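Student: I'd like to ask you about the structure that follows.
In my numbering, the protein residues as written are 1 to 222.
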């Protein structure tokens, strides 16, 4: 909805402006990207409010008075959904053009256009997932600085795409933002350095229920 609405606004602005002015059209494109980011984050907030209402309804009808789905799980699922839809919008026209009959780079353009587009789409999918986790947690705990950080990093990521076809200037910073937001989302979701170390070393901690059961057993007689 946010992508379609922002596309409609950009289309109307282009039709009402001077199409012969390239600088004006470029400015409208930048404005359209900024409006698209703001609309996406507005719809993300609206989706959070909707899921919050649904979570309260699930808790009301459950036997123990608790929702079977946590806000963190909802944040991950909604963020992934936002990312998949955004990635589909980003790559669908590129995939259609890749069928031909043109040849990439025949007029001196970069032959890595499709490859870099794929990497950029992957980064956007992951970023939306991370943004969803951080955004929902910020709304839940009223962390306005974290909320602003999500919007600003989203705006910065969209702005960096205007550096293309200078792909080094866009992909490297975008992947840096992705790693930073992924780390933030990991710790927001309850991750820790200890968990990473356990994953790397493939160590499993003993089940606390087994330890309690063993402690309660009487000592074996000789």
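Note that the Cβ used here is the ideal one computed from N, Cα and C, for glycine as well.
As the structure is a computational prediction, the values presented were derived from the model and not from experiment.
Exposed or buried, residue 66, counting other C-beta atoms within 10 Å across all chains shown (16 or more means buried)?
Tutor: exposed
Student: So, does the segment 4-15 touch the segment 24-43, judging by three or more C-beta pairs under 8 Å?
Tutor: At 8 Å Cβ cutoff, the stretches touch.
Student: With burial defined as no fewer than 16 other Cβ atoms inside 10 Å of the residue's Cβ, what is the status of residue 125: buried or exposed?
Tutor: buried
Student: Taking DSSP as the reference, what is the three-state secondary structure of residue 173?
Tutor: helix
Student: Would residue 72 and residue 189 qualify as a contact pair, given that the criterion is a beta-carbon distance under 8 Å?
Tutor: The Cβ-Cβ distance between residue 72 and residue 189 falls below 8 Å.
Student: If you follow the alpha helix (DSSP H) that residue 129 is part of, which residue opens it and which one closes it?
Tutor: 113-141
Student: Smallest Cα separation from residue 144: which of 25, 45, 88?
Tutor: For the residues 25, 45, 88, the minimum Cα distance to residue 144 belongs to 45.
Student: Going by the beta-carbon positions, is the gap between residue 184 and residue 134 smaller than 8 Å?
Tutor: Yes, Cβ-Cβ distance for residue 184 and residue 134 is below 8 Å.
Student: Whole angstroms is fine: what's the gap from residue 3's alpha carbon to residue 173's?
Tutor: 24 Å
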